[in-house]
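Going left to right, the sequence shown walks through residues 50 to 445 as the working numbering numbers them.
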Amino acid sequence: MANRYDIAIAGGGLSGSLIALMLADRRPDLSIALVEAGPAIGGNHVWSFFATDIAEENRTLVEGLAAARWNGGYDVRFPAYRRTLSTPYRSIPSENLAEAVAKALPAGAIHTGRAVTALDPEGIDMADGSRIEAGGVIDARGLTREMLADLDGGWQKFAGVMLRLATPHKITRPIVMDATVQQKDGYRFVYVLPFSADEVFVEDTYYSDTRSLDAETLFARIDDYAQGRGWTVVEKTRKETGVLPVVTGGDFARFRSHGVSGVAKAGVRAGLFQPLTSYSMPDAVRLASAIADADAHDSASLAALTEAHAAAHWRTGGFYRMLARMLFGAAQGRDRYKVLQRFYALDEALVERFYAGNSTLFDKLRVLAGKPPVPVLKAASVLAGFGAPGPLRGKK
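Set out below in structure tokens:
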């Protein structure tokens, strides 16, 4: 049947697309449909990650999506010091993801520009009145306002621009955090990716108490940053913006109760991102791999698998939520950079495990040891529940 598939995925962002790619690679016997409300799979994004974030068995597929690979490490810059870390870094633009999905799935299996109006364990209904029937249904769409209301915390917001320059920029490695810039609206840093000798992606990022994003102001600050580096910009080939939750706590049971019973949740809809960094790539790959390797792919089995996966992720994320509470509740906005400045002075392997969400007990003890970069009494008050960030929904 033309509209009958083994698995139907609602949401063609990072998580939904990776699930489709993993299934196509490891389970070519299964038919897959991917439904995306936007005009293209992946939207307009650049996803970046450390090579060590991805388990060895998943690296071939994920590495194949990268448009840029930096094996010489990356830099961080803070007012007190600068450091080069040796961990390889990768970037995947959305067009690479879309191209890979188009090659992996047969014609007619990808449905873009089609909003989902309802889904159930047996299929997906779309706004144009059509329906896709499936034995297994996965909801990989974004977070809703109702889901955000069940989470506490702040926001990471950003604007990024790809700049083509008149002359070579001479940057050889990514600058993952340049916090030497003027601190505004919380913790601010600039992120720089040298895609070619004369092409560089620059992103202005803020750990902020509010979700409001003045994109034009951020784009203007990127222009100022480029001017300060002595660059002459001849073309801007892509722009993107985003606002991501930084989670300090919340009611996970209530968060997970949203949605349709018996339908699996994936990606940010399942809460699968690092609470402090809002970083979703490692978790998206891990879940995609788990789904592809599962013995059963009916809706009930997929829902049970993803529920257990998300619950385990929430449990192990307690340490990162605590650090997020310290960042937002115990540090003044202009001084938040000191938390990251201290963190990046620690052992490089610890930093790698932190970003991958695999911090060991020793890592956690090491992060907490020594003089804290925030006032001690304020930190104790926040950890006791006083002055901690509140629900995300009400923040403008």
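All C-beta atoms, glycine included, are put in the ideal place defined by N, C-alpha and C.
The ligand NAD heavy atoms versus the CB of residue i: any closer than 7 Å?
i      : result
Val241 : Summarising the ligand content, the structure contains no ligands, and the ligand NAD is consequently not present.
Short of 7 Å in beta carbon distance, which residues of its chain neighbour residue i, apart from the five on each side in sequence? Order them along the chain.
i      : result
Phe322 : Tyr328, Ser329 and Asp332
Leu267 : Ala208 and Asp253
Let me know the secondary structure DSSP gives residue i once reduced to three states.
i      : result
Arg190 : coil
Asp201 : strand
Glu171 : coil
Tyr130 : coil
Val317 : helix
Ala215 : coil
Tyr274 : helix
Val400 : helix
Ser257 : strand
Trp363 : helix
Ile90  : coil
His160 : strand
Arg305 : helix
Asp74  : helix
Val312 : coil
Ile220 : coil
Met50  : Bear in mind that a pLDDT of 44 at Met50, under 50, signals an unreliable position, so the model cannot answer this.
Gly378 : helix
Tyr369 : helix
For residue i and residue j, which I take to be in contact (beta-carbon distance under 8 Å), what is that distance rounded to the nearest angstrom?
i      : j      : result
Leu441 : Leu197 : 4 Å
Val150 : Ile90  : 5 Å
Gly121 : Arg222 : 5 Å
Thr166 : Gly87  : Their Cβ separation, rounded to whole angstroms, is 16 Å, which puts Thr166 and Gly87 out of contact at 8 Å.
Pro294 : Trp363 : The pair is not a contact, with the Cβ atoms about 14 Å apart (cut-off 8 Å).
Ile56  : Leu67  : Not really, about 13 Å apart at Cβ, beyond 8 Å.
Glu289 : Asn145 : 15 Å between Cβ atoms; not a contact.
Looking only at its chain, what residues have a beta carbon closer than 8 Å to the beta carbon of residue i, apart from the 5 residues adjacent to it on each side?
i      : result
Tyr274 : Val230, Val239, Val251 and Asp253
Ala359 : Arg305, Lys314, Ala319, Gly320 and Leu321
Arg213 : Asp247, Glu248, Val282, Val283, Glu284, Lys285 and Thr286
Where DSSP assigns a beta bridge to residue i, which residues make up the other side?
i      : result
Asp227 : Arg126 and Val239
Ala294 : First, the amino acid is wrong: residue 294 is Pro here, not Ala. DSSP output for Pro294 lists Trp204 as bridge partner(s).
Lys387 : None, per the DSSP bridge assignment.
Ile68  : Looking at the DSSP assignment, Ile68 forms no beta bridge with any residue, so it has no partner.
Lys285 : Leu212
Thr181 : The amino acid at residue 181 is misidentified as Thr; the sequence shows Ile. Looking at the DSSP assignment, Ile181 forms a beta bridge with Ile173.
I'd like the list of long-range same chain contacts for residue i, defined as Cβ closer than 6 Å, with 5 residues on each side in sequence excluded.
i      : result
Gly62  : none
Pro422 : Lys387, Val388 and Arg391
Ala379 : Val423, Lys427, Ala428 and Val431
Is there contact between the region 406 to 426 and the region 367 to 374, where contact requires at least three CB pairs shorter than 8 Å?
yes
Are at least three pairs of beta-carbons, each pair with one atom in the region 156 to 164 and one in the region 278 to 292, less than 8 Å apart?
no
With contact counted as at least three CB pairs below 8 Å, one residue from each stretch, are the region 339 to 356 and the region 380 to 389 in contact?
no
Three or more C-beta pairs closer than 8 Å, one from the region 395 to 410 and one from the region 126 to 137: is that the case here?
yes
Would you check if there are 3 or more beta carbon pairs closer than 8 Å linking the region 104 to 113 to the region 186 to 202?
no
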